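Encoded as structure tokens, the structure appears first; notes follow it.
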Amino acid sequence: MMEQTEQNADFATVEKAIHWLTDHYTEQPSLDELASELGMDSFKLQKLFSRWAGVSPKKFVQYLTLEHAKDCLAASDSVMEASFDAGMSGPGRLHDLFVTIEAMTPGEWKRPNNKVEISYGWHSSPFGNCLIAATDRGVCGLAFELGAGRRATEENLFAPWKGASLGEDRGATAVYADRAFAAGGDVPVMLHGTSFQLKVWEALLKIPPSKLVSYDGLARAIGKAGSARAVAGAVARNPVSWLVPCHRVIRATGVISGYRWGSPRKRAMLAWEAASAEPML
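Numbering (the numbering used here), first residue to last: 47 to 327.
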């Protein structure tokens with residue numbers, strides 16, 4: 047994994063690039079034009095994208111287009127059918143990362159003497175600073191820092207866990223940060239939500255990396271056709287970003303928006319996954 051300062055600096059530049067490219071990609075801007083807009087040398091920009099995404103800026107731009115999103119959605123029904131045929135109870139896979147879910151319903155949470163201890167820590171990631179929280183049963187939260195600052199992010203992430211014992215321990219969560227964004231391996235996730243939310247979150251694990259599904263498509267996949275709005279609400283409340291890949295669900299029109307951690311970050315995640323899925327030459 048890159049050094050934390052370099053990793054965060056890279057994403058900050060990528061985020062600025064996405065902001066600009068979102069408005070200008072139809073013009074097919076050149077590398078020099080993008081570099082000029084970002085105030086940096088073309089060679090350095092090329093090197094940055096190769097380091098961060100493994101592809102050139104020109105290739106990266108292709109993953110940001112509406113046409114690319116629509117192409118992915120066109121294949122989404124067959125993708126979800128194949129994934130669900132593999133079994134809803136199986137783990138989700140992200141490259142060499144295996145994510146397994148252990149669920150906690152509201153009834154379990156309210157049981158007497160059910161004391162939950164949560165360790166948390168801030169870590170660098172390919173998508174900016176992230177907050178990871180974990181119990182002895184697995185990761186229970188993964189959030190990204192926004193403009194409101196770390197304190198606001200922490201309060202938001204821990205809101206559903208009122209009554210839990212919280213303790214900052216970056217060492218305890220470092221192993222999950224390493225596995226989530228670099229090394230791979232097994233990552234247990236403990237989710238706390240309603241039965242419907244848990245069903246939606248489990249279904250998210252069945253969307254393969256670099257693939258996209260619409261809210262309608264996800265609703266059909268879980269046997270709730272016509273419940274796209276309710277499904278969208280559950281997706282928006284996913285407490286474990288990235289590991290439980292809510293970023294792979296977009297509008298049926300192909301438009302990418304409404305992400306809790308910012309649309310540019312969602313675009314970055316999708317483009318990063320698409321680049322990672324490219325065959326090695």
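Quick reminder that beta carbons are idealized off the backbone N, C-alpha and C, glycines included.
It should be emphasised that the depicted structure is a prediction, and the values quoted were computed from it without experimental measurement.
Neighbourhood of residue i by C-beta distance below 6 Å, restricted to the same chain and skipping five residues each side
i: Leu77; result: Ser88 and Pro103
i: Thr199; result: Leu177, Ala189 and Glu191
i: Ser303; result: Ser309
i: Ala218; result: Ser165
i: Ser135; result: Low confidence applies to Ser135: its pLDDT is 45, below 50, so where it sits in the model is not reliable, and the reading given next is rough at best. Counting only Cβ-Cβ distances below 6 Å, and skipping sequence neighbours, we find nothing.
Short Cβ contact (7 Å threshold) for residue i with residue j
i: Gly19; j: Pro285; result: Because the chain in this structure spans residues 47 to 327, residue 19 falls outside the shown range and cannot be described.
i: Trp336; j: Glu83; result: Because residue 336 is not part of the residues shown, which for the chain are 47 to 327, the question remains open.
i: Tyr71; j: Val101; result: no
For residue i: DSSP bridge partner residues
i: Ile164; result: Leu212
i: Asp232; result: Phe144
i: Cys176; result: His169 and Phe190
i: His238; result: Met150
i: Val259; result: Val295
Helix, strand or coil at residue i [DSSP, three-state]
i: Gly279; result: helix
i: Leu91; result: helix
i: Met315; result: helix
i: Leu80; result: helix
i: Gln187; result: In the sequence as displayed, the identity of residue 187 is Gly instead of Gln. Three-state DSSP puts Gly187 in a strand.
i: Thr59; result: helix
i: Val393; result: Given a span of 47 to 327 for the chain in the structure shown, any question on residue 393 remains unanswerable.
i: Thr219; result: helix
i: Thr199; result: helix
i: Thr72; result: helix
Own chain partners of residue i with C-beta closer than 7 Å, once the 5 adjacent residues on each side are dropped
i: Ala278; result: Tyr261
i: Tyr222; result: Ile178, Ala180, Val185 and Val233
i: Glu214; result: Tyr166 and Gly167
i: Ala323; result: Pro255 and Ser256
i: Arg306; result: Ala282
CB-CB length for residue i against residue j, believed under 8 Å
i: Ala321; j: Ile64; result: About 13 Å separates the two Cβ atoms, so there is no contact after all.
i: Leu110; j: Asp56; result: Not a contact, Cβ separation roughly 17 Å.
i: Val281; j: Val246; result: 6 Å
i: Gln53; j: Pro172; result: 6 Å
Own chain, CB closer than 8 Å to residue i, minus 5 neighbours either side, in chain order
i: Leu119; result: Leu258, Val259, Ser260, Gly263, Ile296, Ala298 and Gly300
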